[in-house]
Amino acid sequence: MSIHLLNRNTFGEVANTGNLMPIEEAHELLNAWVPNERLRLHMKQVAAVMKAWAIEKENADELTARKWELAGLLHDADWEKHPNDHCRVIIEELERRNIDPEVLHCIASHGPRYFGVEPNNTMDKMIYAFDELSGFIHAAALIRPTRYEGMDVKSVLKKLKNPSFAAQVNRDDVTDAIARINIPLEEIIQFIIDHQKDVQ
Ligand SMILES: [Fe+2]
Numbered sequence: 002m003s004i005h006l007l008n009r010n011t012f013g014e015v016a017n018t019g020n021l022m023p024i025e026e027a028h029e030l031l032n033a034w035v036p037n038e039r040l041r042l043h044m045k046q047v048a049a050v051m052k053a054w055a056i057e058k059e060n061a062d063e064l065t066a067r068k069w070e071l072a073g074l075l076h077d078a079d080w081e082k083h084p085n086d087h088c089r090v091i092i093e094e095l096e097r098r099n100i101d102p103e104v105l106h107c108i109a110s111h112g113p114r115y116f117g118v119e120p121n122n123t124m125d126k127m128i129y130a131f132d133e134l135s136g137f138i139h140a141a142a143l144i145r146p147t148r149y150e151g152m153d154v155k156s157v158l159k160k161l162k163n164p165s166f167a168a169q170v171n172r173d174d175v176t177d178a179i180a181r182i183n184i185p186l187e188e189i190i191q192f193i194i195d196h197q198k199d200v201q
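Numbering (our numbering) for the sequence shown: 2 to 201.
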């Protein structure tokens with residue numbers, strides 16, 4: 002991924018806190034903006050993992066879980082059509098739609114090295130941790146005859162150490178993201194396997 006600094010640190014309006022969009026509307030946006038089915042699947046997988054983490058690990062209420070899900074679902078929505086303005090375009094669109102500033106900040110901070118926005122809260126840090134690993138694990142599943150069935154953490158760790166496998170996944174980003182949270186890499190990998198395997 003190349004560098005697309007956003008050059009700002011505040012997103013949206015505080016007055017829009019709690020303002021989300023129905024998940025159906027988010028899927029409509031995704032279908033309109035992202036013709037690439039594989040990329041849409043990536044976002045649906047990150048959304049499922051984010052929502053599950055919020056509920057299972059953070060004791061999130063319904064609104065909070067929906068925030069995590071929405072950020073996951075839309076974080077790469079502008080990647081395909083606006084590769085040179087990735088992140089800025091979707092954020093501006095969501096600002097026009099008066100979406101919750103925490104969702105916007107979460108999307109803006111999903112790649113601190115690329116967008117220049119530091120993850121602040123747990124939601125920000127978890128999307129950063131999940132994003133690359135989710136794609137990596139899916140790539141690993143695709144080369145297995147049984148896909149996710151019987152996939153274990155050890156084999157994922159082994160592939161992470163092999164720089165030629167899914168070389169586009171930046172290992173430094175994975176290391177950096179994990180260093181920012183107090184959760185072992187193994188636990189994150191297992192959680193992703195468990196929660197994205199049935200996403201379609
Ligand atoms: Fe992503």
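Built from N, CA and C at the ideal position, the CB exists for glycine as well.
Every residue whose beta carbon comes nearer than 7 Å to a heavy atom of ligand 1 appears here in chain order: His43, Met44, Val47, His76, Asp77, His111, Asp132 and Gly136. Where Thr147 is concerned, there is no enclosing alpha helix (DSSP H), because DSSP gives it neither an H nor an E. Under the three-pair Cβ rule at 8 Å, the segment 155–168 does not count as touching the segment 111–123.
Per DSSP, the continuous alpha helix (DSSP H) segment holding His43 begins and ends at Glu38 to Lys58. In the structure shown, the three-state DSSP call for Pro84 is helix. A straight-line Cα-Cα distance of about 13 Å links Arg148 and Gln201. Secondary structure at Val175: helix, using DSSP grouped into helix, strand and coil. The three-state reading of DSSP puts Ile100 in coil, since its state is none of H, G, I, E or B. About 6 Å separates the Cβ atoms of Leu21 and Lys68, confirming a contact at the 8 Å cut-off.
No Cβ-Cβ contact shorter than 7 Å links Gly13 with Pro113. Between Asn17 and Ile128 a beta carbon distance of about 19 Å is seen, past the 8 Å cut, so the two are scored as non-contacting.
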